[in-house]
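Residue numbers (this note's numbering): 228 to 438.
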C-alpha cells in the first residue's frame, strides 16, 4: 500500500463530493448550457477513471471514446463518481509496492498504444480529475458561485485539524511568510470571464487534451 496514493485518493473523493455540492446551485434555466457543460466535463474524467480502472484490474471496458454519447443527470453522475472513487480507495489500500511498479500495456480509445506502471496510471487519474474540476470551477465563477476551496493543503488541514497545532509549535518566520502568501494566492478565483459564456454550446468548447 502507498500511503501517499491513499491520501491523494481520499483527497480526490473529498474534492469531487465538494464540487457536486456546488453544482447543485447551478440550477436556473439561464444556466442550463453551462450546467450541461459542467456535467460533460465531470463525465469525461469519470469515464477516463473507469477506463484506467479496467487497465488496472486487467478487465475489458466498453467505452469507445473518453466520454459517453448520453449525458447523465447530475444525481446519476454523482452516484457513479462516488462509486468510482470508492473503487480507487479500495485499490490503493490493497495494492502492493511490487504491483505499483509493474508496467501494463494497453490501448487508448483512439487506438494509440500505451504503456504505464500502475503507479503512473493512478497518478494520471488523480491529476486528470483535478484539471477538469478546475474547469468546472471557472464555470461556477461566471455565475458568482464561489468554487470549492479544494486544494490538497486545505484537505489535509480540514481532515486532520491537529496539523494546525503542530504548525504552531515550531514558528519559522521565513516559512510562515511563504505560507501566508501561498494561502492568499490559493483563494478561489472570482473574476468574471465574459468569453467563457460560450462554454456549454457544445463539447467542442472544452479545452482539454484528448485523454
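Glycine is no exception: its CB is placed at the ideal position from the N, C-alpha and C atoms.
If you're wondering where the values come from, they're calculated on a predicted model, not measured in any experiment.
**OP:** Since I believe residue 268 is in contact with residue 262 (beta carbons under 8 Å), could you give me their beta-carbon distance rounded to a whole number of angstroms?
**Re:** Translated into the one-based positions of the chain shown, residue 262 becomes position 35. Translated into the one-based positions of the chain shown, residue 268 becomes position 41. That belief does not hold up - the Cβ atoms of residue 262 and residue 268 are roughly 11 Å apart, past 8 Å.
Original post:
Under the rule that 16 or more other beta-carbon atoms within 10 Å means buried, what is residue 374, buried or exposed?
Top reply: Working through the chain shown from its first residue, we reach residue 374 at position 147. Per the 10 Å Cβ criterion, buried.
Subject >> Residue interval of the beta strand (DSSP E) (run including residue 342) >> reply: Translated into the one-based positions of the chain shown, residue 342 becomes position 115. Residues 340-344.
**OP:** Quickly, what does DSSP pair residue 332 with across the bridge? List them, please.
**Re:** In the chain shown, counting from the first residue as 1, residue 332 sits at position 105. The partner list for residue 332 (beta bridge, DSSP) reads 342.
Original post:
Which whole-angstrom value is the C-beta distance of residue 312 and residue 239, which I expect to be below 8 Å?
Top reply: For the purposes of this step, residue 312 is taken as residue 85 along the chain shown, with counting starting at 1. For the purposes of this step, residue 239 is taken as residue 12 along the chain shown, with counting starting at 1. Right, the Cβ-Cβ distance comes to about 6 Å (below 8 Å), so this counts as a contact.
Original post:
Taking the alpha helix (DSSP H) that residue 232 falls in, what are its first and last residues?
Top reply: Taking the chain shown and counting its residues from 1, the one referred to as residue 232 is at position 5. Segment 230-250, the alpha helix (DSSP H) holding residue 232.
**OP:** Report yes if the CB atom of residue 377 is closer than 8 Å to the CB atom of residue 360, and no otherwise.
**Re:** Numbered from 1 along the chain shown, position 150 holds the residue referred to as residue 377. Numbered from 1 along the chain shown, position 133 holds the residue referred to as residue 360. Yes, the Cβ-Cβ distance between residue 377 and residue 360 is below 8 Å.
Original post:
Since residue 326 contacts residue 345 with CB under 8 Å, what's their CB separation in whole angstroms?
Top reply: By 1-based counting over the chain shown, the position of residue 326 is 99. By 1-based counting over the chain shown, the position of residue 345 is 118. Confirmed, about 6 Å.
Original post:
Nearest CA to the CA of residue 386: which residue from 317, 234, 300?
Top reply: As a working mapping, residue 386 is identified with position 159 in the chain shown. When each option's Cα is compared against that of residue 386, the closest is 234.
**OP:** Inspect the CB distances between the stretch 282-293 and the stretch 332-348 and report whether three or more fall short of 8 Å.
**Re:** The stretch 282-293 and the stretch 332-348 touch, with no fewer than 3 CB-CB distances between them shorter than 8 Å.
Original post:
If you draw a straight line from the C-alpha of residue 258 to the C-alpha of residue 303, how long is it?
Top reply: For the purposes of this step, residue 258 is taken as residue 31 along the chain shown, with counting starting at 1. For the purposes of this step, residue 303 is taken as residue 76 along the chain shown, with counting starting at 1. Looking at the two C-alpha atoms, the distance is approximately 19 Å.
Original post:
Given a threshold of 16 other Cβ atoms within 10 Å of its Cβ, counted over all protein chains shown, does residue 296 qualify as buried or as exposed?
Top reply: For the purposes of this step, residue 296 is identified with residue 69 of the chain shown, where counting begins at 1. Exposed is the call here.
Original post:
Ordered along the chain, which non-local residues of its own chain (more than five positions away) have a Cβ less than 7 Å from that of residue 413?
Top reply: Mapped onto the chain shown, residue 413 falls at position 186. Its pLDDT being 39, under 50, residue 413 is placed unreliably in this model, and the value from its coordinates should be taken loosely. Excluding positions up to five away in sequence, the list reads 378.
**OP:** Report buried or exposed for residue 362, applying the criterion of at least 16 other Cβ atoms within 10 angstroms of its Cβ.
**Re:** Here residue 362 corresponds to residue number 135 of the chain shown, with the count starting at 1. Classified as buried, residue 362 has 16 or more neighbouring CB atoms from the shown chains inside 10 Å of its CB.
Original post:
Taking the alpha-carbon positions, what's the residue 354 to residue 348 distance?
Top reply: On the chain shown, position 127 is the one that residue 354 refers to. On the chain shown, position 121 is the one that residue 348 refers to. Whole-angstrom Cα-Cα distance: 10 Å.
Original post:
Taking the C-alpha atoms as reference points, what is the distance between residue 323 and residue 356?
Top reply: Within the chain shown, numbered from 1, the residue matching residue 323 stands at position 96. Within the chain shown, numbered from 1, the residue matching residue 356 stands at position 129. Computed Cα separation, rounded: 24 Å.
Original post:
Going by beta carbon distance, what residues of the same chain come within less than 8 Å of residue 277, once the five residues before and after it are set aside?
Top reply: Position 50 of the chain shown, counting from 1, holds the residue named residue 277. Around residue 277: 288, 290, 311.
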